[in-house]
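A.B. asks:
Number of protein chains: 2
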Amino acid sequence: MPSSRRSFSREQPEQRKEALIEATLKLMAETGPAGATVRAIAETAGMSQGMIRHYFSSKEDLIVAAYERHMHALTEATEAQASQAGSAEDRLRNFIVASLTPPVVDARAMALWAGFIHMVRRDQAMQDTHERTYYHFRDRLEVLIAAARREAGCAATPATNRRHAIACNAVIDGLWLEGGALPEAFADSELAEIGLTSVAAITGLEFHERKGAP
Amino acid sequence: MPSSRRSFSREQPEQRKEALIEATLKLMAETGPAGATVRAIAETAGMSQGMIRHYFSSKEDLIVAAYERHMHALTEATEAQASQAGSAEDRLRNFIVASLTPPVVDARAMALWAGFIHMVRRDQAMQDTHERTYYHFRDRLEVLIAAARREAGCAATPATNRRHAIACNAVIDGLWLEGGALPEAFADSELAEIGLTSVAAITGLEFHERKGAP
DNA sequence: CCTGAAATTATACGCTTGCATAATTACGCA
DNA sequence: TGCGTAATTATGCAAGCGTATAATTTCAGG
Chain R
1 MPSSRRSFSR
11 EQPEQRKEAL
21 IEATLKLMAE
31 TGPAGATVRA
41 IAETAGMSQG
51 MIRHYFSSKE
61 DLIVAAYERH
71 MHALTEATEA
81 QASQAGSAED
91 RLRNFIVASL
101 TPPVVDARAM
111 ALWAGFIHMV
121 RRDQAMQDTH
131 ERTYYHFRDR
141 LEVLIAAARR
151 EAGCAATPAT
161 NRRHAIACNA
171 VIDGLWLEGG
181 ALPEAFADSE
191 LAEIGLTSVA
201 AITGLEFHER
211 KGAP
Chain L
1001 MPSSRRSFSR
1011 EQPEQRKEAL
1021 IEATLKLMAE
1031 TGPAGATVRA
1041 IAETAGMSQG
1051 MIRHYFSSKE
1061 DLIVAAYERH
1071 MHALTEATEA
1081 QASQAGSAED
1091 RLRNFIVASL
1101 TPPVVDARAM
1111 ALWAGFIHMV
1121 RRDQAMQDTH
1131 ERTYYHFRDR
1141 LEVLIAAARR
1151 EAGCAATPAT
1161 NRRHAIACNA
1171 VIDGLWLEGG
1181 ALPEAFADSE
1191 LAEIGLTSVA
1201 AITGLEFHER
1211 KGAP
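For the record, the sequence lines run as chains R and L.
Each residue of the first sequence is one higher than the one before, starting from 1 at the first, in this note's numbering.
Each residue of the second sequence is one higher than the one before, starting from 1001 at the first, in this note's numbering.
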């Protein structure tokens, strides 16, 4: 018998789920997938382990929700930069820079992503999220590239735009990966600079100096 | 008491280690890191579980060896193509194509890589392997690019070659990743073609038609 | 102020894990 | 041919896993 049972208060379901998802991401990032046990997650979230099965049908279900949350956060961080007002060139530039700058480029974010990947192949829901996220990013890039080329007076065919988007997406993904995997290997803004230069070379676009830039 | 103890024969230590490493990679790829338990590994390798600690100081030690083996295999597969005789342009082309074609581009290889990644941050030996592999690939690419530009009569500064190598490495890594993560998303030789086009755009090189090519 | 039901905690269960150790087997060498 | 020993198998162990369920607490509504 316990000497004293911990006190608690009833919280909103959304808050509880939120706390569990946050705790899952924290543990997955810091101690790897193996460290994200139901006991550790519940403790990190400040509640008892029964809550996981009370709010999610299984631990697996919570993992899927955490994966969706993580990918959504990465998407949002870049999306915000690309939907601001400005020229098409500016929006494309901002999109690329945001993708290659913290907090998107981050050892934690990248380890988290890798930790999820192996589950993607075995869980249909996770695979759907994976595909959706990938195509969403690439399509966004394609639209931005197409707009920038139209703006520059050198509009390309859809097929060309698609290939450019695939290639630019690959450069960005690769730089993102390497920035996360070897943080010390690159100077502060080096990744973003290389990303812009590469996208310019691939698409034939030019990123002009902006007002205020040296 | 067992009705009958399984028979066995004494094998070379190297054969046993080899079999254990192979089994580890197979399981890590097929069932994820969580599936690579000492019992499953031993069974897959066709021996009893005690052998793991007889030939490796711990399961962790075996994992490190398996990671080294996997990265070495990936490196070798591309290296072989780049060290053949031929013009610098041909060697660079072969290097890129090999990196973006099976068996290097492969869902299994990529899942395996991702499964290891989270351990890299916590194990110094694995981190060393990780860094060594990355820089080895990138340096190889830098040398090939520099040679191709020299051959084409447009030699560049070391700093330029470095940036080109980083960018080309990123394209290749990104395409490799996507080819492994979404195998159905790309046609057979699409990744290699996009890789070559992108490297050409980034470096200013040209990959000429080869004899026998359509 | 009660009371009922939902929320939350605590605990128990069956399995699996990595590792340690005991029991047995195979094989080189006298 | 038999012996000793290293190689190999089998078994035991404590800890941790995800899940199920019982016990308790909170809180809204009469």
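We put the beta carbon where it would ideally sit given N, CA and C, even for glycine.
Note that the structure is a prediction, hence the values are computed from the model and not measured.
1) Would R:Ala65 and R:Ile21 qualify as a contact pair, given that the criterion is a beta-carbon distance under 8 Å?
2) Can you tell me the Cα-Cα spacing of R:Asp106 and R:Leu100, whole angstroms?
3) Would you mind listing the alpha helix (DSSP H) stretches within the stretch 1013-1090 of chain L that are 4+ residues and don't spill past its ends, in chain order?
4) Taking R:Asp128 as part of the alpha helix (DSSP H), name the residues at either end of that continuous run.
5) Could you give the distance in angstroms between the alpha-carbon of R:Thr157 and the alpha-carbon of R:Thr203?
6) Determine the direct distance from the alpha carbon of R:Ile145 to that of R:Tyr134, and round the result to whole angstroms.
7) Using three-state DSSP, classify L:Phe1095 as helix, strand or coil.
8) Hey, is R:Thr197's beta-carbon within less than 8 Å of any beta-carbon in chain L?
9) Could you check whether the stretch 146-156 of chain R touches the stretch 86-96 of chain R, counting it as contact only if at least three pairs of C-beta atoms, one from each stretch, sit closer than 8 Å?
10) Is R:Ser198 buried or exposed, if buried means 16 or more other CB atoms sit within 10 Å of its CB?
11) Within a Cβ cutoff of 8 Å, which residues of the same chain sit near L:His1070, ignoring the five residues on either side of it in sequence?
12) With R:Ser198 as the anchor, note down where its alpha helix (DSSP H) starts and where it stops.
13) Measuring CA to CA, which of R:Gly35, R:Ala82 and R:Val120 is closest to L:Ala1029?
14) What does R:Ala152 reach in chain L if we use C-beta pairs closer than 8 Å?
15) Within 10 angstroms of its Cβ, does R:Glu142 collect 16 or more other Cβ (buried), or is it exposed?
16) Return the first residue and the last residue of the alpha helix (DSSP H) that R:Phe116 is part of.
17) When DSSP labels each residue in this structure, what does R:Thr160 get in the three-state scheme?
18) So is L:Asp1217 buried or exposed if we call it buried at 16+ other beta carbons inside 10 Å?
19) Going by beta carbon distance, what residues of the same chain come within less than 6 Å of L:Leu1175, once the five residues before and after it are set aside?
20) Answer with buried or exposed for L:Glu1178, where buried requires no fewer than 16 other C-beta atoms within 10 angstroms of its C-beta.
21) Does any CB atom of chain L fall closer than 8 Å to the CB of R:Ala213?
22) Any residues in the stretch 159-174 of chain R with a beta carbon nearer than 8 Å to a beta carbon of chain L? Which ones, in chain order?
23) For the putative contact between R:Ala98 and R:Gln124, defined by C-beta atoms under 8 Å, what is the C-beta separation to the nearest angstrom?
24) If the cut-off is 9 Å on Cβ atoms, which residues from the stretch 1110-1126 of chain L count as contacting chain R, listed in chain order?
25) What three-state label does DSSP hand L:Cys1154 in the structure shown?
26) Would L:Met1001 pass as an interface residue toward chain R - the criterion being a Cβ-Cβ separation below 8 Å?
27) Using C-beta distances below 7 Å, list every residue in its chain close to L:Glu1044, excluding the 5 sequence neighbours before and after it, in chain order.
28) Whose C-beta lies closer than 6 Å to the C-beta of L:Ala1019 among residues of the same chain, with five residues either side of it excluded?
29) Going by the CB atoms, is the gap between L:Thr1078 and L:Val1104 shorter than 8 Å?
30) Going along chain R in order, which residues have a C-beta closer than 7 Å to the C-beta of L:Glu1131?
C.D. replies: Let's see:
1) yes
2) 9 Å
3) Taking 4 residues as the shortest admissible run, the stretch 1013-1090 of chain L contains the following complete alpha helix (DSSP H) segments, listed from N- to C-terminal end: 1013-1031, 1038-1045, 1050-1055 and 1059-1082.
4) Note, R:Asp128: alpha helix (DSSP H), Gln124 to Glu151.
5) 12 Å
6) 17 Å
7) helix
8) yes
9) In short, these stretches touch, since the Cβ pair count reaches three.
10) That one is buried.
11) Leu1025, Ala1109, Leu1112, Trp1113 and Phe1116
12) Glu190 to Thr203
13) With distances taken between Cα atoms, L:Ala1029 lies closest to R:Val120.
14) Those do not exist, as R:Ala152 stays about 16 Å from chain L at its closest Cβ, beyond 8 Å.
15) buried
16) Ala107 to Val120
17) Look at R:Thr160 here: in three-state DSSP terms it is helix.
18) There is simply no residue 1217 of chain L to check, as chain L begins at 1001 and stops at 1214 in what is shown.
19) Leu1100, Leu1191 and Gly1195
20) buried
21) Any reading at R:Ala213 must be qualified, since the residue scores a pLDDT of 44, below 50, and its modelled position is unreliable; no value is offered.
22) Correct list: Arg163, Ile166, Ala167, Asn169, Ala170, Val171, Ile172, Asp173 and Gly174.
23) 30 Å between Cβ atoms; not a contact.
24) Met1110, Ala1111, Leu1112, Trp1113, Ala1114, Gly1115, Phe1116, Ile1117, His1118, Met1119, Val1120, Arg1121 and Arg1122
25) Residue state for L:Cys1154 is assigned as coil, using DSSP reduced to three classes.
26) Unreliable placement is indicated for L:Met1001, whose pLDDT of 46 sits below 50; the coordinate value is still reported in the next sentence. With 8 Å as the cut-off, L:Met1001 does not count as an interface residue toward chain R.
27) Just to set this straight, residue 1044 of chain L is Thr in the shown sequence, not Glu. Around L:Thr1044: Ala1023, Lys1026 and Leu1027.
28) Ala1045
29) The answer is yes: Cβ separation under 8 Å.
30) Leu182
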